[in-house]
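So the structure is just underneath, and the comments pick up after that.
Number of protein chains: 2
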Amino acid sequence: MPKPTIEWIGGPDGFARIIDQTLLPAEYKRVDIRTPQEMFEAIGSLRVRGAPAIGIAGACGVVLAGGCGDFPSEEALFAGLRKAGAYLGSSRPTAVNLAWAVERVLTAAQRAAGQGPAAVRKALLDEALAIYEEDRAVCRQIGEAGQEIIADGDTVLTHCNAGALATADYGTALAVIYRAGELGKTVRVYADETRPLLQGARLTAWELMDEGVDVTLVCDDMAATLMQSGKIDLVITGADRIAANGDTANKIGTLGLAVVAKEFSVPFYIAAPISTFDLDIPNGRAIPIEERPSQEVTEGFGRRTAPEGVKVFNPAFDVTPAGYITAIVTERGLIRNPDAASIADIAG
Amino acid sequence: MPKPTIEWIGGPDGFARIIDQTLLPAEYKRVDIRTPQEMFEAIGSLRVRGAPAIGIAGACGVVLAGGCGDFPSEEALFAGLRKAGAYLGSSRPTAVNLAWAVERVLTAAQRAAGQGPAAVRKALLDEALAIYEEDRAVCRQIGEAGQEIIADGDTVLTHCNAGALATADYGTALAVIYRAGELGKTVRVYADETRPLLQGARLTAWELMDEGVDVTLVCDDMAATLMQSGKIDLVITGADRIAANGDTANKIGTLGLAVVAKEFSVPFYIAAPISTFDLDIPNGRAIPIEERPSQEVTEGFGRRTAPEGVKVFNPAFDVTPAGYITAIVTERGLIRNPDAASIADIAG
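Protein chains in written order, with the numbering used here: chain A, 1 to 348; chain B, 349 to 696.
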């Protein structure tokens, strides 16, 4: 069982404990997060990352807000919680799970209105823990549902990290691989390193090796030659937001993989919980794409690797049109050839 | 005028002087190469790189061999030169220009056979300098021929470095851009950083900025979103070896760009001298692909960025099938829709 990427320690006065993913793979260190500000920083700097995990982190951040302010009344508490929710929700704009989870804990708190601050804060924590437990179950269900697409002997290419480090359990994309292993299927993995922040090299390679999965690291620009030469049976990645028509925002580089996979007839799968769907957004053009600091590109490896003053374009995500996606693996089963109708059927 | 990446200093007893490209962009330093062993090391470790430049470097290495041995006879000198040629030719297997240039200086030396070691060594140097001068002219001709494909206001995406640092003059792919600038066309460039060795970030960005060209750096996995969003008018890269049917080996990552370019209807061009064609090889499957050490991927930039012991696949090149190439820009003009017939016409 992989190490938990985020945990809640104690009751409503407790705190969150996360694996600091920015230190991996050199150092495995857990840090305690005790204020919404610390959680905002942890999410923004990617100490905790992955769409499901930042949902849980955002929810925990709102719980922390309930314990951090000096609220003279329940009304003041609610105002503080809403402010904290908006603040935490703005820490990363692309993943919809963050806004979804923050909204869920706020709504749960609202249901306890009138019962006093302690009850409100207990309701917040209960909901955050419910989101956590639901995500655990969802990971298992995605892993199970994904067995339709993976056979003994398959070689999978994945991008970024949609594993245990990104969720409350053993991941989304990687859940399919872990579950295949539990069932005795032998599966090999190629992991894209995933520039600029190297989540594939630092996180996916680390957690797969830790679990004894056969993994080979490649640079992102090597994926096409792997697919051309027939070495890849299927591609599976996670997702940060899926529009109503199936267009999918995921880590930058996913689009290129999907296009190349289609060209070389390699099936391309997204594995993601239903909470990743944003049915209010008709298609991918409406998904906000986070741009991140240029230093991630120019000095991401500990020393500067580009000329001083060079212009940089650093989008954190891209959008893969639904037409490139063979199926979306969800906790409610597969959505094959995803489009507005098939998505409304399962996620509506 | 960009700085010369390689020069010959003195007569047959002289030496080569190169820009040590492994130190860029942090440090601009020129180093002197006085033995074939030093040249082998400089080529193998990519202090000097780029298909045309390593052709010149290999030729210079054979000239150095003529001055380094203690050859009692002309026969012994020839044996030593052939041995040095084979040795230098093995320093990098994919670029055909290296073997081609080594063979040219050896053939020229053979023509001076019977005239004594000094005449043989002078013939070697004369041929190496001829290759150098020819490459300068070829760069200019490629730059001129490429004006057909580039218009005022265009935005070009390029990969790796096929510029002044890769040739005796202002490059192949970048020659088209530099020449456009000389003619008053305003051209913007996006440069892929080109993992694992970041020739795009370290070299292309550096030399374009040095020449005042508007350049923006991206990670390799960001190219697809640029093309999807219509920001790229054309892609131009260099080549290391082109088979008789037009299949093209170039820096790893080129294939993925070509596939994505085709999908999004962005013209994809190769710019390369005729010496890059290997008409003895019918198609790309027969091109040897160099694999390089895993450390280039796991600890290329000063600190380790992947788990200890992780398996790595690190091919230095990939092969783009001719069908993805809109045209090859050569010193003899454009080869549009390259295939065996059109290539035999121009390069045969």
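Cβ coordinates follow ideal geometry from the N, Cα and C atoms, glycine included.
Handout entry: Among Q385(B), F665(B), I479(B) and A401(B), nearest to T225(A) - alpha-carbon criterion
Key = For this step, residue 225(A) is matched to residue 225 along the first sequence. Comparing Cα positions, the closest option is F665(B).
Practice task
Could you spell out the range, first to last residue, of the beta strand (DSSP E) harbouring I525(B)?
Solution key: Your numbering for residue 525(B) matches position 177 in the second sequence. Not the beta strand (DSSP E): I525(B) falls in the alpha helix (DSSP H), residues A521 to E530.
Practice task
Indicate whether V583(B) and D562(B) have their beta-carbon atoms separated by less than 8 Å.
Solution key: Here residue 583(B) is taken as the residue at index 235 of the second sequence, counted from 1. Here residue 562(B) is taken as the residue at index 214 of the second sequence, counted from 1. No, they are not a contact pair.
Exercise for the section: Kindly say whether M557(B), judged by its beta-carbon, lies nearer than 8 Å to any beta-carbon of chain A. Expected result: As a first step, residue 557(B) must be located in the second sequence, where it is residue number 209. Yes, M557(B) lies at the interface with chain A (some Cβ there is under 8 Å from its Cβ).
Exercise for the section: Please determine, among P669(B), F625(B), E647(B) and P621(B), the residue with the shortest C-alpha to C-alpha distance to Y338(B). Expected result: The requested residue 338(B) does not occur in the structure, where chain B is confined to residues 349 to 696.
Practice task
Leaving out five residues on either side along the sequence, give the residues of the same chain with a beta carbon under 7 Å from the beta carbon of Q489(B).
Solution key: Sequence index remark: in the second sequence, residue 489(B) carries index 141 (1-based). These residues qualify, in order along the chain: E679.
Exercise for the section: Report buried or exposed for N685(B), applying the criterion of at least 16 other Cβ atoms within 10 angstroms of its Cβ. Expected result: For this step, residue 685(B) is matched to residue 337 along the second sequence. Under this definition N685(B) is an exposed residue.
Exercise for the section: Measure the alpha-carbon distance for I335(A) versus I346(A) and round it to whole angstroms. Expected result: Taking the first residue of the first sequence as position 1, residue 335(A) is located at position 335. Taking the first residue of the first sequence as position 1, residue 346(A) is located at position 346. Taking the straight line from one Cα to the other gives about 8 Å.
Problem - C-alpha gap between R651(B) and A123(A), whole angstroms - result: In the second sequence, the residue the question calls residue 651(B) occupies position 303. In the first sequence, the residue the question calls residue 123(A) occupies position 123. If you take the alpha carbons of R651(B) and A123(A), they lie about 45 Å apart.
Practice task
Grab the span of the beta strand (DSSP E) containing L157(A) for me, first residue to last.
Solution key: For the purposes of this step, residue 157(A) is taken as the residue at position 157 of the first sequence. Note, L157(A): beta strand (DSSP E), T155 to T158.
Practice task
Indicate whether at least one CB of chain A lies closer than 8 Å to the CB of P544(B).
Solution key: On the second sequence, residue 544(B) is found 196 positions in, with the first residue counted as 1. Yes, because at least one Cβ of chain A sits closer than 8 Å to the Cβ of P544(B).
Handout entry: Beta-carbon gap between A119(A) and A130(A) smaller than 8 Å
Key = Here residue 119(A) is taken as the residue at index 119 of the first sequence, counted from 1. Here residue 130(A) is taken as the residue at index 130 of the first sequence, counted from 1. No, these two residues do not count as a Cβ contact at 8 Å.
Exercise for the section: Mind checking who G681(B) pairs with in its DSSP beta bridge? Expected result: The residue you call residue 681(B) lines up with position 333 of the second sequence. Per DSSP, T678(B).
Problem - Alpha-carbon to alpha-carbon, A341(A) and N631(B) - result: Working through the second sequence from its first residue, we reach residue 631(B) at position 283. Working through the first sequence from its first residue, we reach residue 341(A) at position 341. In a straight line, the C-alpha of N631(B) is about 45 Å away from that of A341(A).
Problem - Interfacial residues, the segment 15 to 49 of chain A to chain B, with Cβ spacing under 8 Å - result: P25 and A26
Problem - Proximal chain B residues relative to V218(A), where beta-carbon distance stays under 8 Å - result: Along the first sequence, one-based indexing puts residue 218(A) at 218. Going along chain B in sequence order, the residues near V218(A) (Cβ under 8 Å) are V645, V660, F661 and N662.
Problem - Whole-Å CB distance - M209(A) paired with V658(B), under 8 Å assumed - result: Here residue 209(A) refers to the residue found at position 209 when the first sequence is read from its first residue. Here residue 658(B) refers to the residue found at position 310 when the second sequence is read from its first residue. About 6 Å separates the two Cβ atoms, so the contact holds.
Problem - Contact check, A26(A) vs A59(A), beta carbons under 8 Å - result: Here residue 26(A) refers to the residue found at position 26 when the first sequence is read from its first residue. Here residue 59(A) refers to the residue found at position 59 when the first sequence is read from its first residue. Going by C-beta atoms, A26(A) is not nearer than 8 Å to A59(A).
Handout entry: Contacts of R550(B) in chain A (Cβ-Cβ under 9 Å)
Key = Translated into positions along the second sequence, residue 550(B) becomes position 202. Per Cβ cutoff of 9 Å: T305, A306 and P307.
Practice task
Determine which residues of the segment 220 to 243 of chain A have a Cβ less than 8 Å from any Cβ of chain B, and write them out in chain order.
Solution key: D220, D221, M222, A223, A224, T225, L226 and Q228
Exercise for the section: Pick helix, strand or coil for I289(A), following the three-state DSSP scheme. Expected result: Working through the first sequence from its first residue, we reach residue 289(A) at position 289. Here I289(A) sits in coil by DSSP.
Problem - Cross-chain neighbours of G648(B) in chain A, by beta carbon under 8 Å - result: Walking along the second sequence from the start, residue 648(B) turns up at place 300. By Cβ distance, chain A contributes F301.
Exercise for the section: Report all residues from its chain with a CB closer than 8 Å to the CB of E422(B); omit the five preceding and five following residues, and keep chain order. Expected result: For the purposes of this step, residue 422(B) is taken as residue 74 along the second sequence, with counting starting at 1. Contacts found: A461, G462, G464, P465 and V468.
Problem - Proximal residues to D499(B) (C-beta, below 8 Å), its chain only, five neighbours per side dropped - result: Start at 1 with the first residue of the second sequence, and residue 499(B) comes out as number 151. It is worth fixing the name first, because residue 499(B) is Ala in this sequence and not Asp. Taken in chain order, the residues that qualify are K533 and D581.
Problem - Cut-off 8 Å between Cβ atoms - residues of its own chain near A286(A), not counting five sequence neighbours on either side - result: On the first sequence, position 286 is the one that residue 286(A) refers to. Taken in chain order, the residues that qualify are A243.
Practice task
Use the C-beta contact count for G696(B): other C-beta atoms within 10 angstroms, 16 or more gives buried, fewer gives exposed.
Solution key: Taking the first residue of the second sequence as 1, we reach residue 696(B) at position 348. Counting Cβ neighbours within 10 Å, G696(B) comes out exposed, since fewer than 16 surround it.
Exercise for the section: Examine chain B for any beta-carbon lying closer than 8 Å to the beta-carbon of Y143(A), and answer yes or no. Expected result: Against the first sequence, residue 143(A) aligns to sequence position 143. Here the sequence assigns Gly to residue 143(A), which means Tyr is not the residue at that position. Answer no: the Cβ-Cβ gap between G143(A) and chain B never drops below 8 Å.
Handout entry: Three-state secondary structure (DSSP) of L24(A)
Key = Counted from its first residue, the first sequence places residue 24(A) at position 24. Looking at L24(A) - three-state DSSP - the assignment turns out to be coil, as it is neither helix nor strand.
Practice task
Can you say whether Q199(A) is buried or exposed, counting buried as having 16 or more other CB atoms within 10 angstroms of its CB?
Solution key: What you label residue 199(A) is simply residue 199 of the first sequence in a count that begins at 1. Buried, because 16 or more other Cβ atoms sit within 10 Å of the Cβ of Q199(A).
Handout entry: Runs of alpha helix (DSSP H) wholly within the segment 104 to 163 of chain A (minimum 4 residues, chain order)
Key = 117 to 145
Problem - 8 Å Cβ cutoff met for L545(B) and L372(B) - result: Along the second sequence, one-based indexing puts residue 545(B) at 197. Along the second sequence, one-based indexing puts residue 372(B) at 24. No, the pair does not count as a contact, with Cβ atoms beyond the cut-off.
Handout entry: Against chain A: residues of the segment 600 to 616 of chain B by CB proximity under 9 Å
Key = I600, G601, T602, L603, G604, L605, A606, V607, V608, K610, E611 and F612
Handout entry: Beta-carbon gap between S623(B) and N445(B) smaller than 8 Å
Key = As a first step, residue 623(B) is located in the second sequence; it is residue number 275 there, counting from the start. As a first step, residue 445(B) is located in the second sequence; it is residue number 97 there, counting from the start. Going by C-beta atoms, S623(B) is nearer than 8 Å to N445(B).
Problem - Cβ pair D247(A), T320(A) closer than 8 Å - result: On the first sequence, residue 247(A) is found 247 positions in, with the first residue counted as 1. On the first sequence, residue 320(A) is found 320 positions in, with the first residue counted as 1. In contact: D247(A) and T320(A) (Cβ atoms closer than 8 Å).
Problem - Through-space distance from A521(B) to I353(B), alpha-carbon basis - result: On the second sequence, residue 353(B) is found 5 positions in, with the first residue counted as 1. On the second sequence, residue 521(B) is found 173 positions in, with the first residue counted as 1. Here the sequence assigns Thr to residue 353(B), which means Ile is not the residue at that position. Going by the C-alpha atoms only, they are around 16 Å apart.
Problem - Residue interval of the alpha helix (DSSP H) (run including D693(B)) - result: As a working mapping, residue 693(B) is identified with position 345 in the second sequence. Unbroken alpha helix (DSSP H) run through D693(B): A688 to A695.
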